[in-house]
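Undergrad: One structure coming up, written as structure tokens, with questions to follow.
In our numbering, the protein residues as written are 331 to 805.
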């Protein structure tokens, strides 16, 4: 049996089983509350598995192994920085659960009052990040598997996009979170199996360490092999992204309680660090066997060429599960913003539960279709979507966290939040145009902080529309 047929069969088995599970879960919990926030009843292990699977995504399979190939244990450092950001979200868990939020704009409504321009801006910023993830993951899947299987890029992308709907349509976040948990468990199992295989293929740790510099394999020195400047750049880019990703907030909303959300996120953070250990080891092992790769991100693909067909099929299913966990989560997150923050808030406030559920499913198809079209027409122009992460963080980080810490004061105003967002995005744009060495998100966050401080403490008006909703902030 050839590699293409093996990959197809293994993928069908895994995705079919997961799809049946998704429909079973969705059928048991078929209402808008479960579609939007998982019924607010997810257990800690599902919160942990879903957060881990969504946060890691396909990047750990290519980029993170590439970091291990070029800089030893530094992939652990990357994941550690991200995991610390996830743990910081635990500080907000109690308050977020108490307010019964559903989306990112709900946070701004509570802190700054109902202001259409502000809420609309936040809604757009909350949408662009998961939609960017959706498009780039589709392209990554198509590119990777077209090389492995020989199946045309367009065919793979369309089929994968259609299959992803089977994980979203049944129950929204409920079916997505539970299948993410299953995929997360599969990711951990396959990480162990592939790690053992790579260990044996490379001849054991002793053989590995003799082939590559000690600076990359020693501990803890290897954690910084990527260089201090790069680590600083990671801190300035990864932290903001981890702290402003709506998909992470949704896992807190969906948890059964604040304590369960906290427990789930801490477990996800620990498992995330462990996945960094795996990615580093895989990269180091490939470097030991083939130090001549032109691009470190080819390390994962090269490993696939060294394994037998039966293992290639299983490992390919592992890759598909990893990417699917991010794709399905991204679809659901985008649709919730469209249906709840736009459709229900401004178009049909009195929409029934069944109608909202129908609109959510319809919009899921629309969102996936748009993502497929964009990925097919502009497969090489999707890098700009990655920038949405930086711009989103530039605009949202300061007003969320500063607003949280000042929520019981009488200082918060929608003018301050709007100024923070506008100056944050503008500062990031200027820094990107100038092409600064430091990530432009850092300048965006600084500009956002300046705007927040000026319009909250210096130019703040204590009366009028600028402080609407302020009286209930402390609730």
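Glycine included, C-beta positions come from ideal geometry on N, C-alpha and C.
Small disclaimer: the values here were computed from a predicted structure and weren't measured.
1) Fully enclosed by the stretch 546-621, which beta strand (DSSP E) runs are 3 residues long or longer?
2) If you draw a straight line from the C-alpha of residue 567 to the C-alpha of residue 586, how long is it?
3) What residue range does the alpha helix (DSSP H) around residue 540 cover?
4) So which of 426, 454 and 455 has the shortest CA-CA distance to residue 441?
5) Apart from the five residues on each side of it in sequence, which residues of its chain come closer than 8 Å, Cβ to Cβ, to residue 458?
6) From the DSSP secondary-structure annotation, give me the bridge partner or partners of residue 372.
7) The alpha helix (DSSP H) that contains residue 429, what's its start and end?
8) Quick check: the Cα distance between residue 736 and residue 571, rounded to an integer number of angstroms?
9) Do you know how far the Cα of residue 665 is from the Cα of residue 712?
10) Measuring only the C-alpha atoms, how far is residue 808 from residue 629?
11) If you pair each beta-carbon of the stretch 539-548 with each one of the stretch 676-695, do three or more pairs fall below 8 Å?
12) According to DSSP, is residue 803 part of a helix, a strand, or is it coil?
13) Measuring alpha carbon to alpha carbon, tell me which of 336, 430, 432 and 503 ends up nearest residue 655.
14) Could you give the DSSP three-state label for residue 748: helix, strand or coil?
15) How far does the alpha helix (DSSP H) with residue 440 in it reach, from first residue to last?
16) Using only the alpha-carbon positions, how far apart do residue 624 and residue 536 sit?
17) If you draw a straight line from the alpha carbon of residue 595 to that of residue 377, how long is it in whole angstroms?
18) Should residue 703 be labelled buried (16 or more other beta-carbon atoms within 10 Å of its own) or exposed?
19) For residue 569, which residues in the same chain have their Cβ closer than 7 Å to its Cβ, ignoring the five residues on either side in sequence?
20) Between residue 794 and the rest of its own chain, which residues show a CB-CB distance below 6 Å, the 5 nearest in sequence each way excluded?
21) In terms of alpha-carbon separation, which member of 379, 358, 497 and 557 lies closest to residue 518?
22) Looking at residue 552 and residue 396, is the spacing between their C-beta atoms short of 9 Å?
23) Which word fits residue 613, buried or exposed, when buried means at least 16 other C-beta atoms lie within 10 angstroms of its C-beta?
24) Identify the continuous alpha helix (DSSP H) that holds residue 510 and give its terminal residues.
25) For residue 367 and residue 661, I'd like the C-alpha separation in whole angstroms.
26) Answer with buried or exposed for residue 679, where buried requires no fewer than 16 other C-beta atoms within 10 angstroms of its C-beta.
27) In or out: residue 774 buried (at least 16 other Cβ within 10 Å) or exposed?
28) Sorted by chain position, which residues of the same chain lie with C-beta nearer than 7 Å to residue 400's C-beta, five sequence neighbours on each side aside?
29) For residue 575 and residue 474, I'd like the C-alpha separation in whole angstroms.
30) Would you identify the three-state DSSP class for residue 473, choosing helix, strand or coil?
31) Helix, strand or coil for residue 649 per DSSP?
32) With a floor of 4 residues, list each alpha helix (DSSP H) that falls wholly inside the stretch 622-695, ordered by position along the chain.
33) From residue 761 to residue 781, what does the alpha carbon distance come to, in whole angstroms?
34) For my contact list, residue 337 and residue 479 are in at a C-beta cut-off of 8 Å; report their separation, rounded to the angstrom.
35) For residue 489 versus residue 498, is the C-beta distance shorter than 9 Å?
36) For residue 579, does the count of other Cβ atoms within 10 angstroms reach 16, so buried, or fall short, so exposed?
TA: Per the coordinate set shown:
1) none
2) 31 Å
3) From DSSP, the alpha helix (DSSP H) with residue 540 extends over 534-541.
4) 426
5) Only 715, 718, 721 and 722 meet the Cβ criterion.
6) 585
7) 404-429
8) 22 Å
9) Annotation note: pLDDT 49 at residue 712 (below 50); position unreliable, coordinate value reported separately. Answer to the nearest angstrom: the Cα atoms are 20 Å apart.
10) The structure shown does not extend to residue 808, since the chain spans only 331 to 805, so no value can be given for it.
11) No, the stretch 539-548 does not touch the stretch 676-695.
12) Interpretation of residue 803 is limited by its pLDDT of 41, a score under 50 that renders its predicted location unreliable; no figure is taken from the coordinates.
13) Ranking the options by Cα distance to residue 655, first place goes to 503.
14) Helix.
15) 434-442
16) 25 Å
17) 7 Å
18) Counting other Cβ atoms within 10 Å of its Cβ, residue 703 stays below 16 and is therefore classed as exposed.
19) 411 and 415
20) Residue confidence is low: residue 794 scores 38 on pLDDT, short of 50, so the model does not pin down where it sits. Its coordinate-derived value is still stated next. Closer than 6 Å at Cβ, skipping near neighbours: no residue.
21) 379
22) Judged by beta-carbon spacing, residue 552 lies beyond the 9 Å limit of residue 396, meaning their Cβ atoms are not closer than that value.
23) buried
24) 503-531
25) 14 Å
26) exposed
27) buried
28) If the five residues before and after residue 400 are omitted, its C-beta is found closer than 7 Å to the C-beta atoms of 626, all from its own chain and listed in chain order.
29) 26 Å
30) DSSP places residue 473 in helix when its eight states are reduced to three.
31) helix
32) 629-635 and 639-666
33) 16 Å
34) 5 Å
35) no
36) By the 10 Å Cβ count, residue 579 comes out buried.
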